[in-house]
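Chemist: Before anything else, here's the structure in question.
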Ligand SMILES: *[C@@H]1O[C@H](CO)[C@@H](O)[C@H](O)[C@H]1NC(C)=O
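In mature numbering (1 follows the signal peptide of the UniProt record, and there is no 0), the protein residues as written are -18 to -1, 1 to 190.
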């Protein structure tokens, strides 16, 4: 009897001690394992809600696309939970250029229109591409290059989820052409000709 009580006490105390959540204290420094926790007494239901993914992003830009993030910076409740979300809007002709999320797998659910999406495996450079209709869901495994394109004549949208509060984002063209990486190094490392590199640097705001 006594040791049953003891086990019960142990179980109870561990469930009390375990942190159910760790809403980020964003003013502190982040680290690869996340942010410090806000005291539980300062946490409310609002910390577990992000409002804003019901509103289309502004697609008046060179890619005719917008991403509205609900990552840890915008949605501190995701801290430590290995999850986050975003909204993607693609105007007709819109494209999310080839990119990776170094820290997360992505799951995309089309909520309006048609989206052509694909990714490329790192092991065999195999291409996996599909045209998705409203209601379709597609996975993009962690770290792999992928893209999304509006595949219809009207606006398309998707809600995406990531298995990290900070998925990270690196757009290949921006990495190559939107900075001061010297043109001759870009030419040498991509096999593109200098005129193309200069042109893309011009479009994307790169120098050198
Ligand atoms: C969308 O972005 C463009 C370009 O930055 C800007 O001119 C326009 O005012 C924005 N529209 C809205 C509704 O915010």
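Think of the CB as a built atom: it goes at the ideal place given N, C-alpha and C, for glycine as much as any other residue.
Being a predicted model, the structure only gives us computed values, none of them experimental.
Between the stretch 42 to 55 and the stretch 65 to 75, can you find at least three pairs of beta-carbon atoms closer than 8 Å?
Modeler: Output reads yes: the stretch 42 to 55 touches the stretch 65 to 75.
Chemist: For residue 166, tell me which candidate among 157, 153, 190 has the shortest Cα-Cα distance.
Modeler: As a first step, residue 166 must be located in the chain shown, where it is residue number 184. Residue 166 has its Cα closest to that of 190, out of 157, 153, 190.
Chemist: Kindly indicate which residue of 6, 96, 91, 13 has the alpha-carbon position closest to the one of residue 258.
Modeler: The chain is shown from -18 up to 190; residue 258 falls before or after that span and cannot be answered.
Chemist: Rounding to the nearest angstrom, what Cα-Cα distance links residue 169 and residue 182 in this structure?
Modeler: To locate residue 169, count along the chain shown from 1; it is residue 187. To locate residue 182, count along the chain shown from 1; it is residue 200. Roughly 12 Å separates the two Cα atoms.
Chemist: For residue -4, which residues in the same chain have their Cβ closer than 8 Å to its Cβ, ignoring the five residues on either side in sequence?
Modeler: To locate residue -4, count along the chain shown from 1; it is residue 15. Note that residue -4 scores 44 on pLDDT, short of 50, meaning its location in the model is unreliable and no value can be drawn from it.
Chemist: Taking residue 122 and residue 88 to be in contact with their CB atoms under 8 Å, please state how far apart those CB atoms are, rounded to whole angstroms.
Modeler: Counting from one through the chain shown, the residue named residue 122 turns up at place 140. Counting from one through the chain shown, the residue named residue 88 turns up at place 106. 4 Å between Cβ atoms; contact.
Chemist: Contact defined as beta carbons within less than 8 Å: I believe residue 111 pairs with residue 91. What is the distance between those atoms, to the nearest angstrom?
Modeler: The residue labelled residue 111 in the question sits at position 129 within the chain shown. The residue labelled residue 91 in the question sits at position 109 within the chain shown. About 17 Å; that fails the 8 Å criterion.
Chemist: DSSP three-state label for residue 25, please.
Modeler: The residue labelled residue 25 in the question sits at position 43 within the chain shown. Coil, per DSSP.
Chemist: With a cut-off of 8 Å on the beta carbons, I'd call residue 12 and residue 4 a contact; round off their distance for me.
Modeler: In the chain shown, the residue the question calls residue 12 occupies position 30. In the chain shown, the residue the question calls residue 4 occupies position 22. The Cβ separation is near 12 Å, so there is no contact.
Chemist: Any heavy atom of ligand 1 closer than 7 Å to the CB of residue 46?
Modeler: Here residue 46 refers to the residue found at position 64 when the chain shown is read from its first residue. Outside the cutoff, so no.
Chemist: Return yes when the C-beta of residue 42 is under 7 Å from any heavy atom of ligand 1, and no when it is not.
Modeler: The residue labelled residue 42 in the question sits at position 60 within the chain shown. Yes; taking the cut-off as 7 Å, the Cβ of residue 42 has a heavy atom of ligand 1 nearer than that.
Chemist: Taking residue 173 as the reference, give the member of 158, 137, 126 with the closest Cα.
Modeler: As a position in the chain shown, residue 173 is number 191, starting the count at 1. For residue 173, the nearest C-alpha among the options comes from 158.
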